[in-house]
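Just remember that my numbering sits 644 ahead of the position in the sequence shown, which is counted from 1. I have placed the structure first, in the form of structure tokens, so that the comments after it can refer back to it.
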Amino acid sequence: MTRMNTFCHLLSALLIVFTAAFPAFGGDRVLKMSTTTSTQASGLLDILLPEFTKETGIRVKVIVKGTGAAIRDGMEGNVDIIFVHARQREEKFLADGYGTKRFAVMHNDFILLGPGSDPAGAAGEESVARAMKRINDSRSGFVSRGDDSGTHIKEQQIWLEAGVTLSATEQLVVKKGVKKAIRYQKPQNSESWYISIGQGMGKTITYADEKQLYTLSDRGTYIKYRYGRTPAIDLEVVREDDPVLMNPYGVIPVSPEKHPHVNHDAALRFAHWVTSAKGQRLIGDYRLMGRRLFYPDTIPR
């Protein structure tokens with residue numbers, strides 16, 4: 645009995661030492677990533693993440709929300725890495741010390757969608773800014789995500805470029821039972837035709853399709869909802885191929901200096917993997933109904 649007690653005490657001591665030496669062993673196998681609705685809605689993450697886990701053994705816990713909220717997750721240390729598409733916000737995130745490095749991953753573009761009847765006559769304009777100016781001047785219906793996402797941020801930039809007078813406003817958005825006030829700018833005196841729904845890209849496109857209104861979308865989500873779903877949406881591309889519509893995506897590991905608890909090693913491993921030849925090939929090869937959704941930005945030689 646004495647020998648058994650001695651053995652049990654020794655085993656307990658060894659377990660304590662092992663636990664102290666490797667306190668985060670389990671946590672090292674999980675990477676928390678905050679990303680945009682478009683990376684999920686497009687189906688891309690369903691291609692990338694299983695391969696990353698297969699190669700590294702690291703499971704990725706994905707938190708999906710608008711780019712603004714995803715960046716705030718990184719600022720607050722709620723995640724280990726962010727995967728977003730709002731370049732100015734990303735640069736500020738880095739300048740303020742919240743991220744260690746931006747890794748250019750891929751790009752697609754934004755497109756202006758609308759009903760085939762094109763009541764604003766926007767399709768014939770030479771730029772997306774002039775097209776949206778027509779929507780404003782004709783007071784044709786427009787649906788905004790209104791969720792501080794990368795798409796919402798781009799929309800506000802285009803209104804400004806179009807010379808449309810904007811007014812500051814605030815909207816209460818509820819995501820998974822959590823209420824958050826979103827502050828943004830929208831066309832002045834637009835209450836009769838401008839609708840802000842505080843939802844992701846898929847729901848915004850669906851709403852615009854049901855009401856036959858204009859909206860701004862990333863191309864990847866549009867392709868999925870136009871060609872990869874039944875029933876398909878009926879909206880058409882009103883304006884595209886404008887330099888201002890470029891939509892680059894990047895991943896940024898959260899700084900361990902700001903938040904010592906983050907899994908920076910796993911975040912770096914994902915950043916290097918998604919920008920490696922394997923990760924970039926998966927992005928470039930991803931098709932939906934034969935259509936390419938994203939273009940890789942970092943293809944190692």
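Don't be surprised by glycine CBs; every beta carbon is placed ideally from N, CA and C.
In DSSP terms, what residue i is bridged to
i, result
"F754", "D862"
"P694", "Note: P694 sits in no beta bridge, so no partner."
"P592", "Examination of residue 592 is not possible in this model, given that the chain is present from 645 through 945 alone."
"R883", "L756"
"A825", "L816"
"V728", "G894"
"S811", "K830"
Proximity below 8 Å, CB of residue i to CB of residue j
i, j, result
"A812", "A773", "no"
"G948", "A766", "With the chain represented from 645 up to 945, any question about residue 948 goes unanswered, as that position is not in the structure."
"I839", "S788", "yes"
"N752", "L937", "yes"
"G710", "S771", "no"
"R733", "G712", "yes"
"A921", "I943", "yes"
"D724", "H908", "yes"
"F747", "T919", "yes"
"F727", "T679", "yes"
"R872", "M933", "Just to set this straight, residue 872 is Gly in the shown sequence, not Arg. The answer is yes: Cβ separation under 8 Å."
"R703", "V749", "no"
"Y858", "I779", "yes"
"Q800", "Y828", "yes"
"G844", "T681", "yes"
"L804", "P831", "no"
"G842", "D791", "yes"
"E695", "L926", "yes"
"P892", "D853", "no"
"A910", "D740", "no"
"V706", "L692", "no"
"F737", "K798", "no"
"I849", "I867", "no"
"G894", "Y869", "no"
Simplified DSSP state of residue i, which is helix, strand or coil
i, result
"E805", "helix"
"I707", "strand"
"L937", "coil"
"S784", "coil"
"T679", "strand"
"G765", "coil"
"V674", "strand"
"G794", "helix"
"G718", "helix"
"G743", "strand"
"R789", "coil"
"R733", "helix"
"I779", "helix"
"E957", "Here the chain comprises residues numbered 645 to 945, so residue 957 is not present and cannot be evaluated."
"E699", "helix"
"R873", "coil"
"I943", "coil"
"P667", "Low confidence applies to P667: its pLDDT is 37, below 50, so where it sits in the model is not reliable, and the reading given next is rough at best. Three-state result, P667: coil."
"E770", "coil"
"V723", "coil"
"G712", "helix"
"D878", "coil"
Closer than 7 Å: residue i CB and nearest the ligand ZN heavy atom
i, result
"E769", "Ligands in the displayed structure: none, and consequently the ligand ZN is not present."
Exercise for review: List in chain order: all unbroken beta strand (DSSP E) runs of 3+ residues lying wholly within the stretch 830-858.
Suggested key: Fully enclosed beta strand (DSSP E) runs of 3 or longer: 838-840.
Check your understanding: Does the pairing of the stretch 849-868 with the stretch 670-686 give three or more beta-carbon distances under 8 Å?
Key -> Counting Cβ pairs under 8 Å, three or more are found: they touch.
Check your understanding: Is there contact here, the stretch 899-912 with the stretch 875-887, by at least three beta-carbon pairs under 8 Å?
Key -> Contact between the stretch 899-912 and the stretch 875-887 is absent, with fewer than three C-beta pairs closer than 8 Å.
Exercise for review: Pair every Cβ in the stretch 776-790 with every Cβ in the stretch 827-838, then say whether three or more of these pairs are closer than 8 Å.
Suggested key: These segments touch.
Practice item. Run through the stretch 905-934 for me and flag every whole alpha helix (DSSP H) of 4 or more residues, listed as ranges in chain order. Key: Qualifying alpha helix (DSSP H) stretches, in chain order: 908-918 and 921-929.
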